[in-house]
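Below: one structure, written as C-alpha cells.
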Amino acid sequence: MTDAVSNAWRRIAGWLTVHAPGTAAQVRGPADPEEIDALERDVGVPLPAELRAWWLLTDGFAPGVLHALIPWIHVPLPVTKARAERRWLVRLSAGTPRYADVDDSAAGTFSQRYQHTFVPISTDNCGQVNFVDLRVGPAHGCVSEWDHEEGFLQPPTWTGVTDMLTDIADALEFGRPAMVEFAERLRAAGSASDPRAWAGVLPDGELEWNDSP
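Each residue of the sequence shown is one higher than the last, beginning at 1 in full-length UniProt numbering.
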C-alpha cells in the first residue's frame, strides 16, 4: 500500500511540475517523523500506514497557501497544522452541549461531533477539512469532509489516502473527472448533487478544479 502511495504521489508531483508549476512550488518536503508520532499519540490509535507514507513524502503545502490540490478547493495541511486543527476541532465540538453526549460509532458513519479519531489532512480555508476517519469498522481509514456548520453528514469521499491520491493522479494524467465513485455513493444515498471535478490550470500556473472538462 505504501508503494501505491509513493507511485500516486510521484505522478501528482510530476504532473504539477510540468503543467501547474505555481502549485508545484507550494509543495513542502517530507514531514518530521517525530511530528507524525506526536500526532499519533494525540489521537491514541495508530495512524494508517498510507497516511504516514504520504506525510513522509510531503509535509503538506506552504503555510498560508490557497492553491488547491484536493478537489474542490482543499489545501494539504502540514502535520503540525493538522495536529493543531484537530485539537481545536475536538475542543470546539466537545464544548457544544447538544453534541457532547454523542457516542463514537463505526468509521464512515455520520457524526455531528468532531470525533477524537478524526485526523484532518487538508483544509479549504473556509471552515471545511478533509479528515481520515480512524474509528473502528470496515471503513476505517476512509477520507471524508467535515463541514463546520453541519458536521460529517455525507458518505465518505474516498476509501482511504491511497484511493484519494490515485484518484487525483488519474484525473490529472488522463483528463478524466475525480470523485466519480463519490458521486455514485451520493446518488445511492439519494443526493442529486454531482461532485465530479475536472482539472484545469490558471494562467499563473495554479491547479484548479472545474465542474466540466
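A virtual CB, placed ideally from N, CA and C, is assigned to each residue, including glycine.
Everything numeric in this text was worked out from a predicted model, so none of it was measured.
- Spanning the alpha carbons of residue 27 and residue 205 requires a straight line of approximately 14 Å.
- When the alpha-carbon of residue 124 is set against those of 199, 66, 149 and 82, the nearest one is in 66.
- Under DSSP, the beta-bridge partners assigned to residue 152 are 111.
- Taking a contact to require three or more Cβ pairs closer than 8 Å, the region 101-120 and the region 54-72 do not qualify as touching.
- With contacts defined by Cβ atoms closer than 8 Å, residue 119 and residue 131 form a contacting pair.
- The C-beta separation of residue 169 from residue 197 comes to about 14 Å, leaving the pair out of contact by the 8 Å criterion.
- DSSP places residue 131 in the uninterrupted beta strand (DSSP E) bounded by 129-133.
- Look at residue 12 here: in three-state DSSP terms it is helix.
- At the C-beta level, residue 122 and residue 74 come within 8 Å of one another.
- The C-beta distance from residue 5 to residue 50 rounds to 5 Å, short enough to fall under 8 Å.
- Considered as a whole, the region 65-92 harbours no complete run of any beta strand (DSSP E) with no fewer than 3 residues.
- Beta-bridge partners assigned by DSSP to residue 207: 201.
- If you compare the alpha carbons of 42, 86, 135 and 166 with that of residue 128, the shortest gap goes to 86.
- Residue 123: member of the beta strand (DSSP E) spanning 118-123, first to last residue.
- For residue 161, the enclosing alpha helix (DSSP H) stretches over residues 161-174.
- Taking a contact as a CB-CB distance under 8 Å, the pair residue 45 and residue 117 counts as one, their CB atoms being some 6 Å apart.
- Rounded to whole angstroms, residue 22 and residue 200 show a C-alpha spacing of 13 Å.
- In this structure, residue 69 places its C-beta atom within 8 Å of the C-beta atom of residue 76.
- When DSSP states are grouped into helix, strand and coil, residue 178 belongs to the strand group.
- It is roughly 14 Å from the alpha-carbon of residue 189 to the alpha-carbon of residue 195.
- Listed in chain order, the non-local C-beta contacts of residue 210 below 6 Å within the same chain comprise 198 and 200, local neighbours out to five positions each way being set aside.
- Cβ atoms of residue 213 and residue 175 come within 8 Å of each other, at about 7 Å.
- If you look at residue 143, you'll find it in the beta strand (DSSP E) that goes 143-146.
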